[in-house]
Amino acid sequence: CTSIVAEDPAGKLYHARNLDFGLFMGWDFKNHTWVITEALRPMIMNIEFQMKGQVVYKAVTYAGFIGAITGMIPGVLTMSMNERFNLDGGYLGIIEWLLGDHNGKWMSFLTRDVLMYSTSYQQAKETLSKDELLAPGYYILGGNSSGQGCVITRSREKSLDIWELNPGKGVWYLLETNYDHWKAPLFVDDRRTPGMRCMNQTTQQNVGFAGIFNVLSTKPVLNKLTTYTALMQVNAGKLETYKQHCDDPCWPW
Amino acid sequence: RLGPPQKEECVTGKYPPPQTAEYQVPKYVVNLDLPAADRWTHIVKERAKSIVNLLQKFKDFVKALDAKLAEKIFDYVDHNLGNLTNTLPQPYADEIKGIAKATEIPLGEVLLYNIFYEIFTV
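Heads up: the sequence lines are chains W and A, in that order.
Numbering of the first sequence is given in our numbering, commencing with residue 1 and proceeding in unit increments.
Numbering of the second sequence is given in our numbering, commencing with residue 254 and proceeding in unit increments.
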């Protein structure tokens with residue numbers, strides 16, 4: 001996955017992501033595709049969660065999957081979640097849960113809770129930083145005003161790091177893939193360098209749905225695991241999602 | 254060789270993508286005023302085939318690794334894993350049960366799909 005939260009020169013925030021899933025789960029040698037990725041793509045949908053006919057929050061999901069991995073509360077915040085691979089992974093959390101330890105939160109249910117109950121960026125940031133989780137992960141959060149953007153690197157127990165936008169010091173975007181931002185990515189899976197190169201080339205002046213969509217459509221940020229690109233602008237309450245395809249030649253991840 | 258070298262130019266002009274089914278995503282409403290078990294029914298009934306297809310692809314993948322092990326895993330999933338749903342927080346437990354009922358997919362399989370994230374972070 002690749003998530004970007006970026007701020008334009010006027011302080012308007014944009015949040016976008018590529019959702020990549022299906023690594024090593026069956027390679028179709030004939031079509032050069034991942035089997036699970038291809039099965040997921042037709043299931044992508046935008047959901048508006050409503051109460052009394054009013055939109056409470058929006059999310060992108062797959063049919064039958066109730067969790068939120070990408071979502072927004074219009075006017076308040078935007079959020080996406082990226083996988084963080086770790087030996088102390090979610091399977092241990094599941095085992096603990098099965099053994100009766102129910103202190104940890106399920107990742108994609110916690111994001112539903114945040115979208116349902118958060119009233120501010122700060123409140124969401126605190127919840128996503130402090131709650132105990134069943135699996136490690138990266139929460140990418142955007143607020144509704146200048147400087148409100150961060151990447152929360154989570155272990156199952158605690159927040160390991162909060163990386164924040166700082167437009168006053170030139171940090172006008174954050175780009176998170178599936179590696180801790182203070183470490184080098186795996187050398188065979190470096191989507192960060194080309195992603196940042198394209199963001200820098202786009203420049204802050206051209207931040208917007210078109211500019212960020214182009215970055216997320218550049219290989220290998222776009223790869224054979226990419227199912228969709230979602231684009232969010234919090235103040236306008238806009239969430240656009242597009243199925244993605246990576247024609248050969250294309251990296252498998 | 255792991256793939257093409259990373260020499261791609263940053264692409265331009267990709268937005269907006271074509272207004273075709275190949276790129277466009279449908280929108281649905283989930284009514285939170287409904288009981289949790291009924292919220293997703295209108296969506297998953299319409300999309301049951303694609304959910305079954307996804308789960309079948311996953312089963313095929315596990316079978317290809319080890320057929321006997323796959324049989325044991327999915328026997329456990331279909332007959333035991335569903336019980337885990339009762340321990341999940343609400344309203345998510347009831348939403349998952351509602352999806353299983355509406356699609357007639359075993360509860361354990363619907364649950365497995367919904368906890369993919371936790372399973373695949375290793």
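Glycine included, every Cβ here is placed at the ideal spot set by N, Cα and C.
Check the Cβ-Cβ distances between residue 339/A and every residue of chain W, and say whether any is below 7 Å. Mapped onto the second sequence, residue 339/A falls at position 86. Chain W, which has no Cβ nearer than 7 Å to the Cβ of residue 339/A, makes this no.
Excluding the five sequence neighbours on either side, which residues of its own chain have a C-beta within less than 8 Å of the C-beta of residue 348/A, listed in chain order? Here residue 348/A is taken as the residue at index 95 of the second sequence, counted from 1. Result list for residue 348/A: 289, 290, 292, 293, in chain order.
To be precise: take each residue of the stretch 284–307 of chain A, compare its Cβ to all Cβ atoms of chain W, and keep it if any distance is under 9 Å. Which residues remain? Taking 9 Å as the upper bound on Cβ-Cβ separation, chain W lies near residues 284, 285, 286, 292, 293, 296, 297, 299, 300, 301, 303, 304, 306, 307 of the stretch 284–307 of chain A.
DSSP three-state label for residue 120/W, please. Indexing the first sequence from 1 puts residue 120/W at position 120. Residue 120/W falls in the coil class under three-state DSSP.
Closest to residue 61/W by C-alpha separation, out of 53/W, 54/W, 55/W, 70/W, would be which residue? Here residue 61/W refers to the residue found at position 61 when the first sequence is read from its first residue. Looking at the Cα atoms, 70/W is the closest of the given residues.
Run down chain W in chain order and give the residues with a C-beta less than 7 Å from the C-beta of residue 363/A. Within the second sequence, residue 363/A is the residue found at index 110, counting from 1. By Cβ distance, chain W contributes 64.
Same chain, Cβ closer than 7 Å to residue 255/A, neighbours up to 5 away in sequence not counted: Against the second sequence, residue 255/A aligns to sequence position 2. Reliability fails at residue 255/A, whose pLDDT of 49 lies under 50, so the model's placement of it is uncertain and the value that follows must be treated cautiously. Taken in chain order, the list of residues that qualify is empty.
Could you tell me whether any Cβ in chain A is nearer than 7 Å to the Cβ of residue 47/W? As a first step, residue 47/W must be located in the first sequence, where it is residue number 47. By this cut-off, residue 47/W is an interface position.
Which residue from 282/A, 301/A, 297/A, 333/A puts its Cα closest to that of residue 51/W? Along the first sequence, read from residue 1 onward, the residue named residue 51/W stands at position 51. Measuring from the Cα of residue 51/W, the nearest candidate turns out to be 282/A.
Answer with yes or no whether the minimum CB distance from residue 198/W to chain A is below 7 Å. Position 198 of the first sequence, counted from the first residue, corresponds to residue 198/W. The beta carbon of residue 198/W falls within 7 Å of a beta carbon belonging to chain A, placing the residue at that interface.
Three-state class that DSSP yields for residue 239/W in the structure shown: Position 239 of the first sequence, counted from the start, is the residue given in the question as residue 239/W. Strand, per DSSP.
Give the single residue among 124/W, 9/W, 79/W, 110/W whose Cα lies nearest to the Cα of residue 345/A. What you label residue 345/A is simply residue 92 of the second sequence in a count that begins at 1. Distance check between residue 345/A and each of 124/W, 9/W, 79/W, 110/W places 110/W closest, using alpha-carbon atoms only.
From residue 268/A to residue 217/W, what does the alpha carbon distance come to, in whole angstroms? Residue numbering aside, residue 268/A sits at position 15 when the second sequence is read from its first letter. Residue numbering aside, residue 217/W sits at position 217 when the first sequence is read from its first letter. Those two C-alpha atoms are separated by around 9 Å.
Using the Cβ count rule (16 or more neighbours within 10 Å means buried), how would you classify residue 151/W? Within the first sequence, residue 151/W is the residue found at index 151, counting from 1. Burial check for residue 151/W: the Cβ neighbour count within 10 Å reaches 16 or more, so the residue is buried.
Using DSSP with H/G/I as helix, E/B as strand and the rest coil, what is residue 37/W? The sequence position of residue 37/W within the first sequence is 37, counting from 1. If DSSP states are grouped into helix, strand and coil, residue 37/W belongs with the helices.
CA-CA distance, residue 37/W and residue 197/W? As a first step, residue 37/W must be located in the first sequence, where it is residue number 37. As a first step, residue 197/W must be located in the first sequence, where it is residue number 197. Going from the Cα of residue 37/W to the Cα of residue 197/W covers about 27 Å.
So if I threshold CB-CB distances at 7 Å, which residues from the stretch 167–184 of chain W count as touching chain A? The residues in question: there are none.
First and last residue of the alpha helix (DSSP H) that includes residue 144/W? For the purposes of this step, residue 144/W is identified with residue 144 of the first sequence, where counting begins at 1. For residue 144/W, there is no enclosing alpha helix (DSSP H), as DSSP marks it with neither H nor E.
Under 8 Å from the C-beta of residue 280/A: neighbouring residues of chain W: Walking along the second sequence from the start, residue 280/A turns up at place 27. Near residue 280/A (Cβ distances below 8 Å), the residues of chain W are 45, 46, 47, 48.
Please compile the residues from chain A whose C-beta is within a distance smaller than 9 Å of the C-beta of residue 84/W. Position 84 of the first sequence holds residue 84/W. By Cβ distance, chain A contributes 374.
Who are the near neighbours of residue 237/W in its chain, counting only those whose CB is closer than 8 Å to its CB and skipping five residues on each side? Taking the first residue of the first sequence as 1, we reach residue 237/W at position 237. Contacts found: 55, 58, 72, 74, 75.
Is the shortest distance between the beta-carbon of residue 254/A and the beta-carbons of chain W less than 7 Å? The count along the second sequence starts at 1 and reaches residue 254/A at position 1. Note that residue 254/A scores 44 on pLDDT, short of 50, meaning its location in the model is unreliable; the coordinates nonetheless yield the value given after this. Not closer than 7 Å to any Cβ of chain W, the Cβ of residue 254/A fails to qualify, so no.
Between the stretch 302–322 of chain A and the stretch 356–364 of chain A, do three or more beta carbon pairs fall short of 8 Å? Result yes; three or more Cβ-Cβ pairs closer than 8 Å.
Buried or exposed by the 16-neighbour rule on C-beta atoms within 10 Å, applied to residue 153/W: Within the first sequence, the letter at position 153 stands for residue 153/W. Counting Cβ neighbours within 10 Å, residue 153/W comes out buried, since at least 16 surround it.
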